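**Student:** Input: one structure, supplied below.
Residue numbers (UniProt numbering): 1 to 182.
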């Protein structure tokens, strides 16, 4: 259903890493042009992927790119920030973001908001291109792993892939059980 031309390898790579079931409820934070949304929607049958972006221009671009998925009822879009979804706690099985700096610059706000939106046993997936000034090739995955642990997540796995123009990292985590849980 992608009629917008070739897809960057980093979008295909991240979408393939997402642990999706056909009925999952998925949220992409900072969906931009909707490239990853389309890849996720193709893997859903009875599920739904929601894309949010603060930019109305990006939401319009995502709507054009994914019109068939919207019409099929597998994709919806919303001009909003992550925090404007706070009225939907526990409503997503998977929350993911690619190159969204807020998770690293305001983790106390954004990681908590993402955690609150996840259903029990929900999964958070964060991905970013490695900055060229990074300490080493896994700067993103190392730093993100530490932040996720600090804000109540258990890191399930991390990935690193060399691709142009910069290496890309991804971290997949779940909500840590409450201290008194078995």
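Glycine included, every Cβ here is placed at the ideal spot set by N, Cα and C.
Here the structure is a predicted model, which is why all the values come from computation and not from measurement.
Could you please give me the residues that DSSP links to residue 130 through a beta bridge?
**Tutor:** By DSSP's assignment, residue 130 forms no beta bridge with any residue.
**Student:** Count Cβ pairs between the segment 99-119 and the segment 149-156 that sit closer than 8 Å; are there 3 or more?
**Tutor:** yes
**Student:** Over what stretch of residues does the beta strand (DSSP E) that includes residue 160 continue unbroken?
**Tutor:** 153-161
**Student:** May I ask you to verify whether the segment 21-41 touches the segment 95-105, counting CB pairs closer than 8 Å and requiring at least 3?
**Tutor:** Pairwise C-beta distances place the segment 21-41 in contact with the segment 95-105, as three or more of them are shorter than 8 Å.
**Student:** When we look at the beta-carbon of residue 144 and count the other beta-carbons within 10 Å, is it buried (16 or more) or exposed?
**Tutor:** buried
**Student:** Leaving out the 5 sequence neighbours to the left and right, which residues in its chain are closer than 7 Å to residue 61 when beta-carbon positions are compared?
**Tutor:** 33 and 34
**Student:** May I have a chain-ordered list of the beta strand (DSSP E) segments no shorter than 3 residues that lie completely inside the segment 83-128?
**Tutor:** 92-98
**Student:** Take the Cβ of residue 90 as the centre, count every other Cβ of all protein chains shown within 10 Å, and call the residue buried at 16 or more, exposed below.
**Tutor:** Residue 90 should be labelled exposed.
**Student:** In this structure, does DSSP put residue 60 in helix, strand or coil?
**Tutor:** Residue 60: helix per DSSP, three-state reduction.
**Student:** Quick one: Cα of residue 259 to Cα of residue 46, how far?
**Tutor:** What is shown of the chain runs 1 to 182, which leaves residue 259 out entirely.
**Student:** Can you tell me which of the three DSSP states residue 172 falls into?
**Tutor:** strand
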